[in-house]
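Q:
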Amino acid sequence: MGKFASNMSVALFGGTFNPVHFGHLNLANSLADYLQIQSVRMIPCAIPAHRAVPTVSAEHRLAMLNMAIADNPSLIADDLELKRARTSYSIDTVELIRQDIGPQVPLFFCLGMDALQSIDSWHRWTELLNFCHLVVCSRPNYPLPSDGVVTTWLERHLCDDITQIKKQPQGCIHLCKIPLLDISSTAIRDSIKCAKNIDHMTPESVVNYIKQHSLYE
Ligand code: ATP
Ligand code: MG
């Protein structure tokens with residue numbers, strides 16, 4: 002069966018991946034298990050909407066991602082946003098993938114709690130659920146929003162039962178308690194600037210690539 006066989010659910014995990022680290026990889030792997038899905042598509046963004054354009058090029062970020070997942074059949078690097086020469090809006094990505102997979106296939110867009118907290122600043126954020134489910138993973142130091150528009154929206158769409166969710170193509174928000182590692186790309190970039198070791202944060206191939214290309218110095 003092909004990676005994107007039409008009767009299967011699809012899971013997306015977007016990020017800057019500047020650089021990719023064990024937190025991302027651990028989460029994406031756990032999501033594949035949790036959702037009982039063959040593969041998770043990791044989508045590096047080209048031009049983030051809410052932060053400065055990464056100092057490290059999209060080509061380098063994609064190359065590191067490809068190395069990090071090389072021996073991992075559950076993870077796929079998808080350069081769909083990199084091919085788009087404009088701001089990488091998640092709504093455009095889920096809309097495009099929905100067109101591709103058809104109306105019936107469950108589509109999961111996975112993100113960390115840090116990203117959920119500011120989701121109301123995303124372009125056309127309330128429309129996301131017209132195309133996909135959201136799977137939100139807790140992250141150390143980022144609590145669930147407890148007031149404001151995001152909380153109201155969350156309460157309206159929260160679904161606990163993943164088996165039920167998988168029977169629908171889109172429209173639910175699911176909170177999952179996959180234990181996450183306290184690692185961030187910021188910590189990696191900061192460590193490199195202070196000449197600290199990053200071996201415990203990202204795979205050896207990525208560490209070597211960073212050294213070889215003198216990235217983040
Ligand atoms: P930066 O420090 O540059 O913001 P980051 O480590 O937060 O980098 P991103 O590329 O910004 O990584 O995040 C991509 C996605 O991965 C987001 O949905 C974020 O919530 C999630 N994520 C990032 N780090 C982790 C982690 N350690 N565990 C789980 N999810 C994470
Ligand atoms: Mg981040």
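Under our numbering, think of the first position of the sequence shown as 2, with each following residue one higher.
Glycine included, C-beta positions come from ideal geometry on N, C-alpha and C.
Computed from a predicted structure; not experimentally measured.
1. Is residue 67 near ligand 1, going by C-beta to nearest heavy atom under 7 Å?
2. So which of 86, 84, 174, 85 has the shortest CA-CA distance to residue 128?
3. Counting pairs of Cβ atoms below 8 Å between the stretch 36-52 and the stretch 77-89, do you hit three or more?
4. State the DSSP-derived secondary structure class of residue 43, mapped to helix, strand or coil.
5. For residue 165 and residue 119, I'd like the C-alpha separation in whole angstroms.
6. Any idea what DSSP makes of residue 181, helix, strand or coil?
7. Quick check on the burial criterion: 16 or more other C-beta atoms within 10 angstroms. Buried or exposed for residue 103?
8. At a cut of 8 Å, does the stretch 182-199 reach the stretch 12-23 through at least three beta carbon pairs?
9. Can you look up residue 106 in the DSSP assignment and give me helix, strand or coil?
10. Does DSSP put residue 158 in a helix, a strand or coil?
11. I need the DSSP call for residue 207, collapsed to helix, strand or coil.
12. Name the one or two DSSP bridge partners that residue 174 has.
13. Within the stretch 47-87, note down every full beta strand (DSSP E) run reaching 3 residues or more, in order along the chain.
14. Hey, residue 43 and residue 93: beta-carbon distance below 8 Å or not?
15. Would you please state the rounded distance, in angstroms, between the beta carbons of residue 138 and residue 108? I believe it to be under 8 Å.
16. How many angstroms separate the CA atom of residue 203 from the CA atom of residue 23?
17. May I ask whether a heavy atom of ligand 2 can be found less than 7 Å away from the beta carbon of residue 191?
A: Result, derived from the coordinates:
1. no
2. 174
3. yes
4. strand
5. 27 Å
6. coil
7. exposed
8. yes
9. coil
10. helix
11. helix
12. 135, 159
13. 76-78
14. no
15. That pair is no contact at about 17 Å.
16. 5 Å
17. no
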